[in-house]
Each structure stands twice: as structure tokens, then as C-alpha cells.
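Numbering (the working numbering), first residue to last: 8 to 833. Okay, structure first, notes after.
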Amino acid sequence: MASNITYKLSKELIGHGKDVRSTCVLSDGRIVTGSRDNSIRVWDPINDFSSIELHGHSHFVGSLVQLPPSIILRERCFASGGNDKLICVWEKTAIPKSSSNNNNNNNNNNNSESNASPSLMLLGHEDTVSSLGVTNDGLIISGSWDKTIKVWENGDCIATLKGHEQSVWSVIGLPNGNIVSASADKTIKIWRQDGKDKYTVEKTLKNHKDCVRGLAVIPELGFISCSNDGSLIVWTFNGEVIQELNGHTSFVYAVVVVPGIGFASCGEDRTLRIWKDGENIQTITHPSGVWDLAYSPSGDIITGCADGVGYVWTKNPSRCASEEVIKSYQDKLASQTIVSDNVGDIKMNELPELEEALKQPGTKDGELKVVKNGKVAEAHQWSASDNKWVKIGEVVDASAANKSNARGVLNGKEYDYIFDVDIDSGVMYKIGYNVGENPYSVAQDFLFKNDLGQEFLDEVAQFLIKNTEQNNMTFEASPMLSDPLTGGNRYIPGGSNNNPPARKSAPTSNNNNNNNNNNNNTSNNSNNNTTIQTTSLIPQKNYTLFETANSESLLNKVLEFNEQLLSNPETKIVALDEDEQELSIFKSILSTLKETSRYHSSSFNEHQIKVVFKMLKWPEDKVFCILDVLRVMVLHPNASSMLRQFVDYVTGSNKYNIMSILLLIIQESKLLNNTMLCLKIFSNMFRHEPLRTLLINTIFANHEKAQQFLDRVNSVYLNISPPGSNKSYSSSFATFLLNISFYESNNKVDNGTLGLLVNSLHNLIKTETDPDSSLRCVCALGTLLFNHRDYKPSSEICSSIKSSVSNIKYNDKFSDSIQLLLKLVN
Numbered sequence: 008m009a010s011n012i013t014y015k016l017s018k019e020l021i022g023h024g025k026d027v028r029s030t031c032v033l034s035d036g037r038i039v040t041g042s043r044d045n046s047i048r049v050w051d052p053i054n055d056f057s058s059i060e061l062h063g064h065s066h067f068v069g070s071l072v073q074l075p076p077s078i079i080l081r082e083r084c085f086a087s088g089g090n091d092k093l094i095c096v097w098e099k100t101a102i103p104k105s106s107s108n109n110n111n112n113n114n115n116n117n118n119s120e121s122n123a124s125p126s127l128m129l130l131g132h133e134d135t136v137s138s139l140g141v142t143n144d145g146l147i148i149s150g151s152w153d154k155t156i157k158v159w160e161n162g163d164c165i166a167t168l169k170g171h172e173q174s175v176w177s178v179i180g181l182p183n184g185n186i187v188s189a190s191a192d193k194t195i196k197i198w199r200q201d202g203k204d205k206y207t208v209e210k211t212l213k214n215h216k217d218c219v220r221g222l223a224v225i226p227e228l229g230f231i232s233c234s235n236d237g238s239l240i241v242w243t244f245n246g247e248v249i250q251e252l253n254g255h256t257s258f259v260y261a262v263v264v265v266p267g268i269g270f271a272s273c274g275e276d277r278t279l280r281i282w283k284d285g286e287n288i289q290t291i292t293h294p295s296g297v298w299d300l301a302y303s304p305s306g307d308i309i310t311g312c313a314d315g316v317g318y319v320w321t322k323n324p325s326r327c328a329s330e331e332v333i334k335s336y337q338d339k340l341a342s343q344t345i346v347s348d349n350v351g352d353i354k355m356n357e358l359p360e361l362e363e364a365l366k367q368p369g370t371k372d373g374e375l376k377v378v379k380n381g382k383v384a385e386a387h388q389w390s391a392s393d394n395k396w397v398k399i400g401e402v403v404d405a406s407a408a409n410k411s412n413a414r415g416v417l418n419g420k421e422y423d424y425i426f427d428v429d430i431d432s433g434v435m436y437k438i439g440y441n442v443g444e445n446p447y448s449v450a451q452d453f454l455f456k457n458d459l460g461q462e463f464l465d466e467v468a469q470f471l472i473k474n475t476e477q478n479n480m481t482f483e484a485s486p487m488l489s490d491p492l493t494g495g496n497r498y499i500p501g502g503s504n505n506n507p508p509a510r511k512s513a514p515t516s517n518n519n520n521n522n523n524n525n526n527n528n529t530s531n532n533s534n535n536n537t538t539i540q541t542t543s544l545i546p547q548k549n550y551t552l553f554e555t556a557n558s559e560s561l562l563n564k565v566l567e568f569n570e571q572l573l574s575n576p577e578t579k580i581v582a583l584d585e586d587e588q589e590l591s592i593f594k595s596i597l598s599t600l601k602e603t604s605r606y607h608s609s610s611f612n613e614h615q616i617k618v619v620f621k622m623l624k625w626p627e628d629k630v631f632c633i634l635d636v637l638r639v640m641v642l643h644p645n646a647s648s649m650l651r652q653f654v655d656y657v658t659g660s661n662k663y664n665i666m667s668i669l670l671l672i673i674q675e676s677k678l679l680n681n682t683m684l685c686l687k688i689f690s691n692m693f694r695h696e697p698l699r700t701l702l703i704n705t706i707f708a709n710h711e712k713a714q715q716f717l718d719r720v721n722s723v724y725l726n727i728s729p730p731g732s733n734k735s736y737s738s739s740f741a742t743f744l745l746n747i748s749f750y751e752s753n754n755k756v757d758n759g760t761l762g763l764l765v766n767s768l769h770n771l772i773k774t775e776t777d778p779d780s781s782l783r784c785v786c787a788l789g790t791l792l793f794n795h796r797d798y799k800p801s802s803e804i805c806s807s808i809k810s811s812v813s814n815i816k817y818n819d820k821f822s823d824s825i826q827l828l829l830k831l832v833n
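The structure is reproduced here in C-alpha cells:
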């Protein structure tokens, strides 16, 4: 091997808190990395790899692409795609270059956080944006887990390409204007450009035997693909196979072209591999799986690793890391464990002894040798450039490592763990899980999708916790199908890992004498963390929702009202027009909402959403019909996303802003029923992140808005004669306060907002006579005060709360929660 094509470690890019999932290099040589910690970092090699941290996504950043300038955004430089379904376009102004710094140490101390926002946010995908590319004329291409490819011109989606049966993992633009996509359905599709916004499938390539993960354009030749089947295939632009490359021992996640050499690839086998003339000429092992890589005009290669570090590899001796850094890296490699599946079957008694086995030089770079060192099996790899064996880890038996649980792809989506679960009389099911997700939410979705009973919920969730080494973590408690407050309206678990995390319980004392002196450790302070025990209701562990629907009676009422509106010239304009099929569209909405077992896969379209907004213009004595439909609709995950997207549908207009419309109804309607339904809608909006965030950012944008809203709904309550006599309104108001208390208890909140919530709950509880609504207020107050023990209401409010609570007759099973609230206000 020629020495001038030997890559060595140049720099470790340390700064991310979790896996580096994506990489790209800008035209000025700066390196961009995206991570599972939701952040993006831009590293400057000229300034000792100082970095700027960007925040534009609410979930992990899985794709990046360098962008040329556009007519509208002349300073744009790259785009990012996330698990939050968004694409962010960033300009140079967001990442100003720092002055040069001659500090040469390997630690990235010159890091800063930018407050800059993306210049453009592209909304349209219904699932994770897993890949980004650029057409030959500079348009952004995106691929998603929603199985589609989209082409974007500035802020508009001008084409949506459908044809793949599973997630789209990679997209590239060819010099002739065509697009190539790779998918979890094991195929590659070449899309012929028939016009600026028209693409047709020209050819489907089926040579790979597993998910196709990455693509790269080979100038003047074609393109190259890589797959979970461990292979790389070189193709002509027309889709003819030129060459197949084999060498990886597991999934291959990404591939790039290296000018003057050939290709570089990376994957789950922890390696970066350099290819020349069809041969794997260099293998560089990493501490963990390598998610992505990028080629720099400097000739360097950047890899993004599951250990949260980006690595820069160079063939320029002047840019190589110091011997100390390289030694530290090799020590890190040596400390890793390798599952025997990756190196072949291991029989300890047949392994050669380390000292003798490593005397013989390797025959090629990357050659792997497993040897016995005492009672330990070690894996060593031959480094041709250093002419020595390098320890890359200790080998453990595959069965001991539970090989079925390794990272993989299930139904086109990528998971840290995939388990075979034996449920329901020996029937085997597969469940995927990513570290950081709420196991109860994952378990609940699993049960819904497989039509399994709720009795398995705790069992599946606990299985995930135990088998993903997360026993020391605190998650939301088990969601319950029946509301523990009433036995009626059910609790629905969060549908995504974007729910506010449950607050961790107070840490126990580190006193070494705890076990011997338990009787002496009780504090006299009643608010001390160690003396306040939680109950089943305080603090709240999930949102309370109104989900019961009666589609048939609603449909009959809508048909009746619609006829009345059509017969009146003044209201005919807001009636559903059968010529436009609007009545049929409304019926399709009810049909979709009725199929609750299909919520994970069903969706709503633009026409259905527009019919909802049209009906929200109905007179106040008839609008309750669509309000009740909307109450159930916001529980649907896709409906939540669509309604949020429509907020920005018409710039500068509230025509499609669901929050503005509902708040106007509350402000202007004289009918109690309408305000009650709006409160129920708001309570149900907490179910999914898109509308939950919209709700919070609208009502609680500032102290003034929060007070205005709470004053209005409280005044409606007090105007009921006598106050509290309408049980439905009381329950709706109390439930909304309960949900907002749960949300605020798990998020940063100022004392002013806390005071508003406590005052509203106090006003409600001192007037309310219904035990159910009163108990909801008790739970809400208890949740707020338990999780914000640094906040103390006034002595007058505390006395009033104690008096009000003591006068209400509750079921004995709730007495512990009542006592807990009394202790918190004591």
C-alpha cells in the first residue's frame, strides 16, 4: 500500500452529548455535525476546530447537506433534517467565522452557542427526515420515514415522489436532472425528470438483499450504494451494475467518493473503510458504530460515531494528531467489547496465545485476529501503516450479549434495540426501541398496532426498561385506560417521546449510616424531600383526556343543521356544499376517527382540514357540532400535525389558526356549551406534541395572556348560577387546569405563572361542590406544589385551601392524596 493514501487520526471533535448521526463539509472547509442530542455543531479547522452550536430541531438531527446559494437565500450554506419532521435551512449569518486561534491542544475549548434561527423551515413530511440531497440545479431533495421523497424550491414543496414501500434512507441528484433514492424496502429507484416538478420512476434496482442505506454520486460515471447486507455496489447513471464491493461485517450506513482514491464507507461494524480499485485498502476501527461520514476538499475524511464524537482522518502528516492523542484513542479501542458474531464463532480452548500469535505480521490492512490472553479473548487488527497489531477490544459471546437485541431496522425504521416478545399464547412479536424513549409510550403503541390487550402494558414496558439497561432512569408511570379520578374518561399515554418527562424523585441521602440509623434521619421540616411520600394521584403522571365520541348522533345533527344553513341566504356560504363533496368529506372525517385501532397509520388530507375550518364559522348555536368532532380529532396524531401546519398556511392571517379561532369562541360566545367544548379540546391537545406546543406558546406566551385567558374562563364559571352547578363545565375547567399543571410541573415556569395557576385552582376548589371536579383540583394543586416546593402560596390562600378541602366528602381511597395536599400547604 502506498503511504500517501494511509489515513491517520487528526482530530477528535468533542462537544455533542449523544451519537453524531450526520456530517457534511461546507465549501469553506468547515465541518458540520448533527446529533441525537438535538443540536448541530459547526467546526472550524482553521481556528483549531472551535465550534458553534445551533438549535433548530426539537429531536435528533439525522441528516445534513451542503447547499449552494439560491436566488432568494444567497447566503445559504447547509440544510438539516430531523426526527421532528422538519428541514431547517441555515445561512452563513448563523455561523460567523471566528478570528484565527493558534492554540493547538486537542480539547475543543473554543465552543460557543448561537442564538441564530434557521432562515427557512420546510414543513411537509409526516415522519423523520432521514436524508437530504441537492438536485443538479440546486433544489433541496428530502427523503423520509414517511416513504416519500420531496423536492423543494425555496420554501415550497414542488414535487412529492411516491413509490417506495418503506422508509427512504438516502436521496441524491444526478447531473442529468434525475433523482436516485434508496429505501428500507431493499430497492433503489431512479426517477426521471419530466419537467421542473414532475418525476417518473424510470427503473427500480433490486440487487441489494437488505435495506439500502446510502448513496453517493460518482462524477462522470454513475453512483454508488451501500446496504445493510454489508455490500457496496457501483452503478452507471442508467442503473447497470459495474462492481460490487464486500468487506464490511455488518450494516453499511454511508458511503462517499474520495477523489484520486476511490470510496470510503462506514457502518455498524465500527469501521471506516477506504476502497481503491475494488479493494479494501485500509480499515480504521472506531470505539462504536459509525453512523455517517463526509469528504473534505482538504482530503480529510470526517466520521460521526455513536460515542458522540466526530473524528477527522487525514493523510497529511502535518495534520496528524499527537502521539499522546493517538495512544489515548487506541486505549479507548482496546477497552471495547465485541460480540462474537462480528468475528466468527469463538472457542476459547482453540484460540492461539497472544504472545505467539501476534509475532506473525498481518497479510493486509484490517486483517482481524482473535487471540487468548489469559481467560479473555481479544480482537487485534493489523495496521499496515504502523506495521503492527492493534487491540480493538475484548470478545464476548453473542448469546451473552443477547444478539437478537442489537441495533437494527424494523418496518423501515431504525432502532437501538429490536426484541422478540412472546405474548398471547406463544405468538412472537417484534418490538423496536430507541434509548431515551418513554418505554410506556412505546409499549402502548406496540399494543395498539398489534391489537393486544391493555393487560400487557406494564409487562412490556418493564421488559423494555430491564433489557435496555435503564433501571436507574425515571419514566412516566404506567398510563391507565380508566381515569383513576372517576373511572370514566380514560388516560391516553403520550404518543411520542416528546411528552414532558416525569420529574425524577428526590435523591436519597448518601449518608453511609442510613441503614443503621433510619429512626434518626427524619427531618422536622415537613417539606423535606425525604418526608413527603407521593401518592397514586400526586404528582400526576399523565394527561387526562376526553375521548368518548358519538359519531352517529353528531352526523345526524350536522345533517340537520346543514339543511338549515343552506335554506338561509345569509348562512348558505358557510354550509357544506355537496357539489364540492364537502358533506362526504365530513363523513370521511368521522369514519377515520371511528377507527381508533388505525390511528397509528390513518391520516387526514388538506380538504378534510379545510372543511373543519369552514364549519368553525357556523353560528354559535350550531358550531358545537364541529367543536365536539374537533375534541376527538386532536387526539389523532396526524390530525394534530396537520392542524399545527395549517397555522402557517396563510401568512399574516388567522384564517387557519386553530388556537386563534377557539380563543375567539371562548371570548365571544354566550353559550356555556361552546366554552366547555373548547376547554375539552384544549385538554385533549396535550396528547400530541405539535398542538401541545402551540397551546402553551399561545395561552402562556406571557403573563398577561395567561391571566387574560384564565380570567375569562373563570368568569364564565362564576357566572353560572350558582357557581359549580354545571358539572360538565366544572369538570372541563378542572381537567384543563390539571393538564396544564402536569405540563408546567415538568417544565421551567416562573413564579408569576405558578401564582396564576394556584389562584385559579384555589378559586375553583373553594366554590366547587362536585367531588370529582374538586378532586381534579386537589391533584392539580398537589402536582404543582409537590414539584415546585420552592414556591409557597400566601398564608391566606393556604388556609382557604385547607378549609375547602376539609369540607368536601371524598372516597376514602383518595385520602392519602388529600393528606398530601394538606401537608404541602401547611
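Don't be surprised by glycine CBs; every beta carbon is placed ideally from N, CA and C.
| query | Out of curiosity, what's the CA-to-CA distance linking V96 and G315? | reply | Along the sequence shown, read from residue 1 onward, the residue named residue 96 stands at position 89. Along the sequence shown, read from residue 1 onward, the residue named residue 315 stands at position 308. About 23 Å.
| query | Under three-state DSSP, which class holds E60? | reply | The residue you call residue 60 lines up with position 53 of the sequence shown. In this structure, E60 counts as strand in the three-state DSSP scheme.
| Who pairs with Q714 in a beta bridge, going by DSSP? | By one-based count along the sequence shown, residue 714 stands at place 707. In the DSSP output, where bridge partners are listed per residue, Q714 has none listed.
| field | Pick from F568, N681 and L701 that is closest to V641, judged by C-alpha positions | value | Stepping through the sequence shown from its first residue, residue 641 is reached at position 634. Checked all of F568, N681 and L701; the closest Cα to V641 is L701.
| message | Rounding to the nearest angstrom, what Cα-Cα distance links F270 and Q367 in this structure? | response | Locating residue 270 in the sequence shown gives position 263, where the first residue counts as 1. Locating residue 367 in the sequence shown gives position 360, where the first residue counts as 1. If I take the Cα positions, the gap works out to 30 Å.
| query | Cα separation between L375 and G254? | reply | As a position in the sequence shown, residue 375 is number 368, starting the count at 1. As a position in the sequence shown, residue 254 is number 247, starting the count at 1. So the alpha carbons of these two residues sit roughly 12 Å apart.
| Any idea if K395 is buried or exposed, counting beta-carbon neighbours within 10 angstroms, 16 or more meaning buried? | Taking the first residue of the sequence shown as position 1, residue 395 is located at position 388. Looking at its Cβ environment, which holds fewer than 16 other Cβ atoms inside 10 Å, K395 is exposed.
| field | Contact between the region 55 to 66 and the region 87 to 94 (3+ Cβ pairs under 8 Å) | value | yes
| Which of helix, strand or coil DSSP assigns to G759 | Against the sequence shown, residue 759 aligns to sequence position 752. Three-state result, G759: helix.
| Alpha carbon to alpha carbon, what distance is there between G419 and S232? | Taking the sequence shown and counting its residues from 1, one reaches residue 232 at position 225. Taking the sequence shown and counting its residues from 1, one reaches residue 419 at position 412. So the two alpha carbons sit approximately 17 Å from each other.
| Which listed residue (K205, I225 and D204) has its alpha carbon closest to that of L181 | Here residue 181 refers to the residue found at position 174 of the sequence shown. Closest by alpha carbon: I225.
| query | Which class does Y14 belong to by DSSP, given the choice of helix, strand or coil? | reply | In the sequence shown, the residue the question calls residue 14 occupies position 7. Of the three classes helix, strand and coil, the one that applies to Y14 here is coil, per DSSP.
| query | Is N90 near the ligand GDP, going by C-beta to nearest heavy atom under 7 Å? | reply | Absent from the structure shown: the ligand GDP. Ligands present: none.
| query | Going by Cα to Cα distance, which pick from T155, V402, F453 and N557 is closest to D427? | reply | For the purposes of this step, residue 427 is identified with residue 420 of the sequence shown, where counting begins at 1. Comparing Cα-Cα distances from D427 to each of T155, V402, F453 and N557, the minimum goes to F453.
| task | Would you mind giving the Cβ-Cβ distance between V4 and L300, rounded to the nearest angstrom? I have them listed as a contact below 8 Å. | result | What is shown of the chain runs 8 to 833, which leaves residue 4 out entirely.
| Helix, strand or coil at A556 according to DSSP, with G and I counted as helix | The count along the sequence shown starts at 1 and reaches residue 556 at position 549. The answer is coil: DSSP assigns A556 none of H, G, I, E or B.
| said: Using only the alpha-carbon positions, how far apart do T321 and I38 sit? | reply: Numbered from its first residue, the sequence shown carries residue 321 at position 314. Numbered from its first residue, the sequence shown carries residue 38 at position 31. Whole-angstrom Cα-Cα distance: 14 Å.
| field | Beta bridge counterpart(s) of M3 as assigned by DSSP | value | A question about residue 3 goes unanswered here, because the residues of the chain that appear run from 8 up to 833.
| said: Please give me, in chain order, every unbroken run of the alpha helix (DSSP H) with length at least 4 that falls completely inside the region 626 to 656. | reply: 631 to 640 and 644 to 653
| field | Residue environment, K687, which counts as buried when at least 16 other CB atoms sit within 10 Å | value | Position 680 of the sequence shown, counting from 1, holds the residue named residue 687. Classification for K687: buried.
| said: In the DSSP output, what is R83 paired with across the bridge? | reply: In the sequence shown, residue 83 corresponds to position 76, counting from 1. Bridge partners of R83: E98.
| query | Which class does G847 belong to by DSSP, given the choice of helix, strand or coil? | reply | Shown here, the chain extends from 8 to 833; a query on residue 847 therefore has no answer.
| message | Check for me: the beta strand (DSSP E) holding H387 runs from which residue to which? | response | Along the sequence shown, one-based indexing puts residue 387 at 380. Here the beta strand (DSSP E) through H387 covers V383 to S390.
| query | In three-state terms, what does DSSP make of C327? | reply | For the purposes of this step, residue 327 is taken as residue 320 along the sequence shown, with counting starting at 1. Here C327 sits in coil by DSSP.
| task | Measuring alpha carbon to alpha carbon, tell me which of Q547, L590, T555 and Y550 ends up nearest L566. | result | Sequence index remark: in the sequence shown, residue 566 carries index 559 (1-based). Checked all of Q547, L590, T555 and Y550; the closest Cα to L566 is L590.
| said: Using a 10 Å radius around the Cβ and a threshold of 16 neighbouring Cβ atoms, would you call L544 buried or exposed? | reply: Numbered from 1 along the sequence shown, position 537 holds the residue referred to as residue 544. With 16 or more Cβ atoms within 10 Å of its Cβ, L544 is classed as buried.
| Per-residue burial, G202 [other beta carbons within 10 Å of its own, 16 or more giving buried] | To locate residue 202, count along the sequence shown from 1; it is residue 195. Its Cβ having fewer than 16 others within 10 Å, G202 is exposed.
| said: Please tell me whether V187 and S137 are closer than 8 Å, where the distance is taken between their beta carbons. | reply: As a working mapping, residue 187 is identified with position 180 in the sequence shown. As a working mapping, residue 137 is identified with position 130 in the sequence shown. No.
| Where I53 falls, given that 16 or more other Cβ within 10 Å makes a residue buried | As a position in the sequence shown, residue 53 is number 46, starting the count at 1. The residue is exposed, with fewer than 16 neighbouring Cβ atoms inside 10 Å.
| said: Bridge partners for D299 per DSSP, in chain order? | reply: As a working mapping, residue 299 is identified with position 292 in the sequence shown. Answer is G311, bridged to D299.
| said: Taking the beta carbon of I580 as the centre, do at least 16 other beta carbons fall within 10 Å, making it buried, or is it exposed? | reply: Here residue 580 is taken as the residue at index 573 of the sequence shown, counted from 1. With fewer than 16 other Cβ atoms within 10 Å, it is exposed.
| said: Rounded to whole angstroms, what is the Cα-Cα separation between S734 and G415? | reply: Working through the sequence shown from its first residue, we reach residue 734 at position 727. Working through the sequence shown from its first residue, we reach residue 415 at position 408. Note on identity: in this sequence residue 734 is Lys, with Ser being the wrong assignment. The alpha-carbon atoms of K734 and G415 are separated by roughly 51 Å.
| said: Taking 7 Å as the limit between beta carbons, can you name the residues of its chain near L417, skipping five residues before and five after? | reply: Your numbering for residue 417 matches position 410 in the sequence shown. Excluding sequence neighbours, L417 sits near I425, K437 and G439.
| For the region 148 to 166 against the region 207 to 217, are there 3 or more C-beta pairs whose distance is under 8 Å? | no
| field | Three-state secondary structure assigned by DSSP to K511 | value | Residue numbering aside, residue 511 sits at position 504 when the sequence shown is read from its first letter. Residue placement at K511 cannot be trusted, given a pLDDT of 30 that sits under 50; the coordinates are not used to answer.
| What is the DSSP secondary structure of N114, reduced to helix, strand or coil? | Mapped onto the sequence shown, residue 114 falls at position 107. Confidence is the limiting factor: at N114 the pLDDT is only 46, short of 50, which leaves the residue's position unreliable, though a coordinate-based value still follows. In this structure, N114 counts as coil in the three-state DSSP scheme.
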